[in-house]
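Q: If you read the sequence shown in the numbering used here, its first letter stands for residue 139, the second for the next number, and so on. A single structure is presented below for examination.
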Amino acid sequence: TDLDRGGTFTLDGGTTLEVDAAANFPEDFGTYALSTTSTVDYQFDNTSSQTVEGGISYGNLILTRTGGDPAEKTLSGDIPIQGNFSTVGQVDFIANNHTITLSGNWTRSVTGNSDFTEGTSTLILAGTSDQTVDLGASGMETFYNLTVAKTSGSVLFGSNISGITVSNDLTLSNGTLNMATDPLTVN
139 TDLDRGGTFT LDGGTTLEVD AAANFPEDFG TYALSTTSTV DYQFDNTSSQ TVEGGISYGN
199 LILTRTGGDP AEKTLSGDIP IQGNFSTVGQ VDFIANNHTI TLSGNWTRSV TGNSDFTEGT
259 STLILAGTSD QTVDLGASGM ETFYNLTVAK TSGSVLFGSN ISGITVSNDL TLSNGTLNMA
319 TDPLTVN
């Protein structure tokens with residue numbers, strides 16, 4: 139018998155949910171209420187793929203790998219992130235064709251063989267203050283579609299970014315994209 143748990147899954151501000159298996163984000167709730175200052179850390183420390191649950195409005199989102207070889211973290215649907223997005227350790231983040239709407243900073247570790255596989259995804263930078271895109275070490279970042287849709291503030295590129303490539307569409311609908319001296323390539 140399938141149980142319909144319904145109800146609301148709540149994650150209060152300042153708390154962290156550690157997701158430690160391939161696909162074990164709490165399921166079967168009618169609604170999800172994650173505080174904008176909460177954190178979900180997908181830290182399945184295995185070389186097999188871990189699902190990053192789509193359709194959830196995250197506070198802060200962290201993808202972690204503390205072991206040796208890279209671990210795949212695969213996004214299963216569109217997500218808004220009200221806070222910051224970051225990866226820690228050797229993480230291959232696979233976005234597929236999904237949209238990530240980010241209100242905070244994008245910080246991706248480039249330890250070892252870490253990668254962001256953008257597929258045909260879209261990153262929308264939509265914060266209300268300055269946002270930074272940066273890497274944990276010097277390197278380039280590639281996005282398929284990149285949209286700047288900010289009500290205020292600028293998008294800044296951190297000191298470790300040596301350039302940004304947008305392989306499909308770059309959309310500047312509102313806000314400022316401050317490239318400083320970093321090259322921006324749109325293919």
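C-beta: ideal position from N, C-alpha, C; glycine also.
(1) Using a Cβ-Cβ cut-off of 6 angstroms (strictly less than) and excluding sequence neighbours within five positions of Tyr-170, which residues of its own chain qualify?
(2) If you follow the beta strand (DSSP E) that Met-278 is in, where does it begin and where does it stop?
(3) Would you grab the beta carbon distance between Gly-301 and Thr-323 for me? Rounded to a whole angstrom, and I think it's under 8 angstroms.
(4) By the three-class DSSP mapping on this structure, what secondary structure does Pro-218 have?
(5) Quick check: what's the CA-CA separation for Lys-288 versus Ser-241?
(6) With Val-271 as the anchor, note down where its beta strand (DSSP E) starts and where it stops.
(7) Thinking C-beta only, is Asn-298 closer than 8 angstroms to Ala-318?
(8) Any idea if Asn-243 is buried or exposed, counting beta-carbon neighbours within 10 angstroms, 16 or more meaning buried?
(9) Can you find the residues in the same chain that come closer than 6 angstroms, C-beta to C-beta, to Asn-283, ignoring five residues on each side of it along the sequence?
A: Quick answer:
(1) Phe-147, Ile-194
(2) 277 to 281
(3) 7 angstroms
(4) strand
(5) 9 angstroms
(6) 269 to 273
(7) no
(8) buried
(9) Thr-260, Asn-306, Asp-307
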